[in-house]
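Visitor:
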Amino acid sequence: MIDYSEATIRQLIVHHVGYKPYDEGCEMSENILSLNQENPLSAPLLQYFLKSFKPDIQYGFNTPDENLALHEVDQLFGSTDGIVECSQNLAKLLYDSSTHPKIKAGDFYVANIDGVKLYGESYRCIGLFKSETKETYLKVYTGEQQFGIESDEGFSIKKMDKGALIFKHPNTDEYIVSIVDAVSRGDEAQFWKGEFLGLAPREDNFFL
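Heads up, our numbering is the position in the sequence shown plus 314, with the first residue counted as 1.
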């Protein structure tokens, strides 16, 4: 069970990963967002990031000596000072892994999250999330004795398109990873956990 009722987002940074078949590249941010519990964005962001995860299948990193994503994750757990550089490197790696034409452009979030509980034990974790599917919203606004309507586009917080929660075991150096991929099907479905993160299913007795 994943319990995020006491979770807080300590740091968050967002980049845009373009559509690789058109060589759109990445738009990188240098701005780290701090979201404490009093911030009105904190609760909806936690719900958006975390509610879709179910610990039915857990993963670990495959071929750790050659895994570029794991190298950056190690750096993120080692120090919070390097979140900008590490998150930018992860965004570049995600872009380079997005070779299938059905993989869409989207916003890529890297978060330091405290207080998430996995099977009753509190962990610090790293969250990697990608939003791909935009929806059209209607906004009603008031003027002088009249109402107006305008449309806008954004990402719905009802479900996460792609996500990975990476937990580091408090007593070992082992990583436990839970993933979400709500939009990919067929051949392109392997890139998030395979080409990008390099994950393999865990098969130990505890998680079975």
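From the three backbone atoms N, C-alpha and C, an ideal C-beta is built for every residue, glycine too. Only a predicted model underlies this, so the values are computations on that prediction, with no experimental measurement involved.
Are the CB atoms of cysteine 340 and tyrosine 409 nearer to each other than 8 Å?
Guide: yes
Visitor: Please tell me whether, using a cut-off of 7 Å, the distance from the CB of lysine 482 to the nearest non-hydrogen atom of the ligand ADP is below it.
Guide: Looking for the ligand ADP in the displayed structure turns up nothing, as the structure carries no ligands at all.
Visitor: Flag this pair as yes or no: are the beta carbons of alanine 478 and glutamine 325 separated by less than 8 Å?
Guide: no
Visitor: Can you tell me whether aspartate 421 is helix, strand or coil according to DSSP?
Guide: strand
Visitor: Just to confirm my understanding: we take lysine 505, look at its own chain, exclude 5 residues before and 5 after, and list those with CB closer than 8 Å. What are they?
Guide: Note on identity: in this sequence residue 505 is phenylalanine, with lysine being the wrong assignment. Same-chain partners within the cutoff: Ser411, Ser412, Thr413, His414, Ile417, Ser498.
Visitor: From glycine 457 to histidine 385, what does the alpha carbon distance come to, in whole angstroms?
Guide: About 53 Å.
Visitor: Can you give, in chain order, each stretch of the alpha helix (DSSP H) that sits fully within the region 440-496 and has at least 4 residues?
Guide: none
Visitor: Comparing alpha-carbon positions, which option in Glu338, Met315, Gly441, Phe510 lies nearest leucine 359?
Guide: Ranked by how close their Cα comes to the Cα of leucine 359, the residues Glu338, Met315, Gly441, Phe510 have Gly441 in first place.
Visitor: Our contact map puts aspartate 421 next to valine 328 with C-beta atoms below 8 Å; I'd like the distance itself, whole angstroms only.
Guide: 6 Å between Cβ atoms; contact.
Visitor: How is the beta strand (DSSP E) around tyrosine 373 delimited, first residue to last?
Guide: In the DSSP assignment, tyrosine 373 falls within the beta strand (DSSP E) that extends over 373-375.
Visitor: Going by CA-CA distance only, name the one from Asp475, Tyr423, Gly512, Ile490 that's closest to histidine 330.
Guide: Tyr423
Visitor: Let me check one thing: in DSSP terms, what residues is threonine 322 bridge-paired to?
Guide: Asp428
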